[in-house]
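What follows is a single structure, written as structure tokens, with notes after it.
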Amino acid sequence: MKQRTLGIAVSAAIAATCIGATPTFAQEQAAGGLEEIVVTARKREESLQDAPLTMQAFSRERLEKFDLTSIERLQAATPNLYVARVSNGSGAQITMRGIGASSATSIGIEQSVSVILNGAYYGQGRVLNEGMFDLAQVEVLKGPQTLFYGKNATAGVISLRTARPTDEFEGTLRAGYEFETEQTRIEGILSGPISDNWSYRAALRWSDMNDGYYSNNAVDKTYTYLDPTFTPVLTEVVPGDTRNMPQEEEVIARLALAYDNDSSLSALLTAQYTDVEILNSAYNNIPFECNNGFFPAGQNGSGFECGDNFAVAHNRMPATLAAEMPFARSNGDLYNEYDSYSINLELDYQLTDNLALNSVTNIQENENNWALPGDFANVDNGIFATEHATWEAWSEELRLNSQFDGPFNFMLGLYYQETERDFNQWVTFGFASFNDAAPPGLEYTTYNKQSVTDGETMSAYFELVYDITDTVTISGGARYVDETKDSFFEQPYVHPSGQGALGWAEGRLEADQSFDEVTPELTVSWQATDNVNLYAAYKTAYKSGGFSNGAVLSFENQNSVSDFTFEPETGEGFEVGVKSTLMDNQLRLNASVYQYTYEDLQLDYFDSAAIVFITLNAGEATSEGVEVDFEYAPYALPGLVVRGLVAYNQAEYDDFIAPCWEGQTVETGCNAELPGIAASKPGQDISGQPTGMAPEWSGSLGFTYDGELANGMGWGVAFDALYSDDYTASALGNPFAGRDSFIMTNAAVYLRGVDDRWELKLMGKNLGNEVVVNGVLESAGSRNPAGGPGTHADLIGFAGVPKTIQAQLTYNF
């Protein structure tokens, strides 16, 4: 495989170089041709073609053409990127090149794909809810990016930059309507000068969804409250809910102030507030693989057809539980409410002609509350849960950059961050739903758990750049990270029936963890011709260990903190690439080959039999492959831009004893012991099997065309298609989680007024209505005992957004 991959890459590089050697085709007309893309992937401005790494850059124009205003929507334009929205745990699972899967259900795991907003790190999965509109540019960096972005960038980086204040007054009013969900969206943007040195930008977005992407097929059920002697004390209706979901309501406000004295100092202060509320945080948790074709199997539910449907069956909470359970809605509605604010200050100070100092100060806080059906099923006496979680962080980064005219330059950086995660959850099972001897407020709770982690990160890094010749540059550096995490987990109350039937325990565990690591990086670049740049890089990756705040304390692990802690995730490898601009600036053609080996990948899994979450480390995995991308803007047809990318990626485990899937037998591979767990648990050796969300082949192809009418008005059409080979949605070797290949298509047509004063646009996304599953878990207690040995649990998938059709009117002034 390694020789094959290298051969493909070398062939691509030779082809690109050879094309670069052919004569250019001069054109008399100035129209057409490629626009230069300036990126900041290495914490300095440079051309995309000069940056020695694999990346995709999305301009403001392209983001707006397809309304790519969220991290989830970027998936439709980025091969090898999978983004799952998850009801509980971290709230998200971001996977790139097969690295990062199975991280969603633990609130303690930070993403392996780092999200950077205006230069500041956002480590929590709930960042999916943040307001990503009015963007200036998005950069997707693939592979380890530890040197410039620090911890938790083992698989890649998604860097977003919001639009800056402008020197001249401008404004935008935008109104949109999405027909499938009956969603109305209104945006307003004002930007302009305050004085000679000060300018501002204010952006506001409001949206309201009267319907939803997903249907709810729940019917009325009954709920019988049982005391510790299993005596019924009350029976009431569990209301069915036939409303479509998620019926999202969203308010996002952003204010930016910029200062520039035209000589040595510039500053940008950005404040943002986000409020997002949806109906049912588990609205996209679809049962796609079931034993008997209906969900739930083996339970007392009526069941509905299991498969690739944008449908669930979730009941409201029964009235008494809704009135008594903390953070439940009085009407029993399932929901998710996310509130956040952030303040970001960027300073650029030119100390001398040759030295520049950069500072990024960030404060961020968010609060997330939800109520959900714990079994994701339409059953009598089901599971209900509520959660209240907060996150607070502040950070400071300082960078000193040299700008010497000679062959030598450098960058020195310091980074500091403090964080606090506060987690509280209440869960009720029907068989253990009442206890009049419970502590006040917990009479209708099976168990309550709470956890806190206080974190501190200190980091120092450097990069040295030396021009060996006019065409050859070597750059190298390293980052040192020192991180501490002080945590506790407590289950102050467990219903007696929960202790007896499932082995859950009351108690408290504490962990004081410390981690440190040095991560070096080395890159060599060769400007072979004016239009062809080749590079080779050695990179390392590091993500610190942590504490699983959302686990469950049982009699098996009540004295073992090791079931709650996990080790750092590390990696190293190489990347070789070529970047070329050909045909007299009409064609951009790039190729790269990479191989990265990761150790101790951080994975979280749900033991659906014991109904507990456990975080563990996978032994070793390798992600290797090749990517080729192009962009073509012919002079012969001004306004046309064609772009595409093809990627081959093989991500598989080299060494991993994974948990057995529920129902797995010795004959089907459940014949090992799971390492690193206090209680003896069976495992399966999945060495040689693929990681989750890792199709071998993927790619994209699209075009945009902007034309002009005789009266000065403009028109345009845009189309994008994303292809994914078949893959497994399970990072833990579940053979029933396989997914077929798919093609997702997006399109837009638009009409513009003179001088772009207004625009009327019609956009369609996921036009083929593809059901894309971005992650999976086993449904609690869903395995049908009548099925006999080897019968698996029903599988719940984190599905994406179905087909949407949106009309949008924009007015610029």
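Quick note, my numbering runs 969 ahead of the 1-based positions in the sequence shown.
Cβ atoms here follow ideal geometry from the backbone N, Cα and C, with glycine treated the same way.
Selected residue, minimal CA-CA separation from residue i, among the options
{"i": "P1215", "options": "A1132, E1315, R1054", "result": "R1054"}
{"i": "R1133", "options": "E1033, L1237, Y1567, L1203", "result": "L1237"}
{"i": "Y1719", "options": "E1642, L1778, E1005", "result": "L1778"}
{"i": "Y1318", "options": "N1249, F1345, S1235", "result": "S1235"}
{"i": "Q1527", "options": "F1599, A1474, E1536", "result": "A1474"}
{"i": "V1206", "options": "L1195, N1284, E1139", "result": "N1284"}
{"i": "L1585", "options": "L1142, P1644, P1603", "result": "P1644"}
{"i": "T1422", "options": "A1144, P1651, E1387, D1709", "result": "E1387"}
{"i": "V1521", "options": "K1512, D1455, N1393, A1762", "result": "N1393"}
{"i": "M1178", "options": "E1147, N1743, V1107, P1265", "result": "E1147"}
{"i": "G1707", "options": "S1168, S1184, V1770, G1766", "result": "G1766"}
{"i": "T1009", "options": "F1027, G1001, G1002", "result": "F1027"}
{"i": "A1480", "options": "G1469, F1458, V1493", "result": "F1458"}
{"i": "Y1384", "options": "K1111, N1049, Y1674, T1115", "result": "T1115"}
{"i": "T1673", "options": "E1030, M1024, L1017", "result": "E1030"}
{"i": "L1248", "options": "S1184, A1225, Y1194, T1198", "result": "S1184"}
{"i": "S1531", "options": "P1607, Q1482, Y1563", "result": "Q1482"}
{"i": "D1036", "options": "F1782, N1781, F1543, T1773", "result": "T1773"}
{"i": "A1225", "options": "R1130, F1264, G1181, T1211", "result": "R1130"}
{"i": "Q1460", "options": "L1503, G1424, E1452, T1414", "result": "T1414"}
{"i": "K1120", "options": "V1188, T1135, V1107, I1078", "result": "I1078"}
{"i": "F1257", "options": "A1768, Y1780, N1781", "result": "A1768"}
{"i": "N1260", "options": "L1326, F1782, L1764, P1465", "result": "L1764"}
Expected contact under 8 Å - CB spacing of residue i and residue j to nearest Å
{"i": "L1491", "j": "G1445", "result": "4 Å"}
{"i": "W1495", "j": "T1440", "result": "6 Å"}
{"i": "R1243", "j": "N1087", "result": "Here residue 1243 turns out to be Thr, not Arg, going by the sequence shown. About 14 Å separates the two Cβ atoms, so there is no contact after all."}
{"i": "A1641", "j": "Q1653", "result": "6 Å"}
{"i": "G1661", "j": "Y1692", "result": "Not quite, the Cβ-Cβ distance comes to about 19 Å (not below 8 Å), so this is no contact."}
{"i": "N1335", "j": "Y1307", "result": "7 Å"}
{"i": "K1454", "j": "G1424", "result": "5 Å"}
{"i": "A1506", "j": "F1543", "result": "7 Å"}
{"i": "A1280", "j": "N1186", "result": "6 Å"}
Which of helix, strand or coil DSSP assigns to residue i
{"i": "D1724", "result": "helix"}
{"i": "L1003", "result": "coil"}
{"i": "A1687", "result": "strand"}
{"i": "E1739", "result": "coil"}
{"i": "R1298", "result": "coil"}
{"i": "N1337", "result": "strand"}
{"i": "P1465", "result": "helix"}
{"i": "T1488", "result": "strand"}
{"i": "R1095", "result": "helix"}
{"i": "T1779", "result": "strand"}
{"i": "E1631", "result": "coil"}
{"i": "G1766", "result": "strand"}
{"i": "A1749", "result": "coil"}
{"i": "T1388", "result": "strand"}
{"i": "T1289", "result": "helix"}
{"i": "A1222", "result": "strand"}
{"i": "A1706", "result": "coil"}
Buried or exposed (CB count within 10 angstroms, at least 16 for buried), residue i
{"i": "Y1565", "result": "buried"}
{"i": "D1569", "result": "buried"}
{"i": "W1339", "result": "buried"}
{"i": "T1438", "result": "exposed"}
{"i": "A1776", "result": "exposed"}
{"i": "R1726", "result": "exposed"}
{"i": "A1020", "result": "buried"}
{"i": "I1068", "result": "buried"}
{"i": "P1201", "result": "exposed"}
{"i": "R1477", "result": "exposed"}
{"i": "S1075", "result": "buried"}
{"i": "V1348", "result": "buried"}
{"i": "D1405", "result": "exposed"}
{"i": "G1375", "result": "exposed"}
Heavy atom of the ligand ADP within 7 Å of residue i beta-carbon
{"i": "F1257", "result": "Of the ligands one can find in the structure shown there are none, so the ligand ADP has no counterpart to examine."}
Within-8 Å CB hit, residue i to chain B
{"i": "F1533", "result": "The question asks about chain B, but that chain is absent: this structure has only one protein chain."}
To test your reading of the DSSP string, which unbroken beta strand (DSSP E) runs of 3 or more residues are found completely within the stretch 1150-1211? Along the length of the stretch 1150-1211, whole beta strand (DSSP E) runs at least 3 residues long occupy 1152-1162, 1167-1178, 1181-1185, 1190-1195, 1201-1207, reported in chain order.
Can you check the stretch 1011-1054 for any beta strand (DSSP E) of at least 3 residues that lies completely inside it and give the ranges in chain order? Runs of the beta strand (DSSP E) lying entirely within the stretch 1011-1054 and spanning at least 3 residues, in chain order: 1024-1028, 1050-1054.
Taking the runs of the alpha helix (DSSP H) that are 4 residues or longer, which of them lie wholly in the stretch 1343-1376? Runs of the alpha helix (DSSP H) inside the stretch 1343-1376: none found.
Beta strand (DSSP E) runs contained entirely in the stretch 1099-1145, provided each spans 3 or more residues: If we require 3 residues or more, the beta strand (DSSP E) runs fully inside the stretch 1099-1145 come out as 1104-1111, 1125-1131.
Residue ranges of each beta strand (DSSP E) run of no fewer than 3 residues wholly in the stretch 1503-1572, ordered along the chain? For the stretch 1503-1572, whole beta strand (DSSP E) runs of length 3 or above, ordered along the chain, are 1538-1551.
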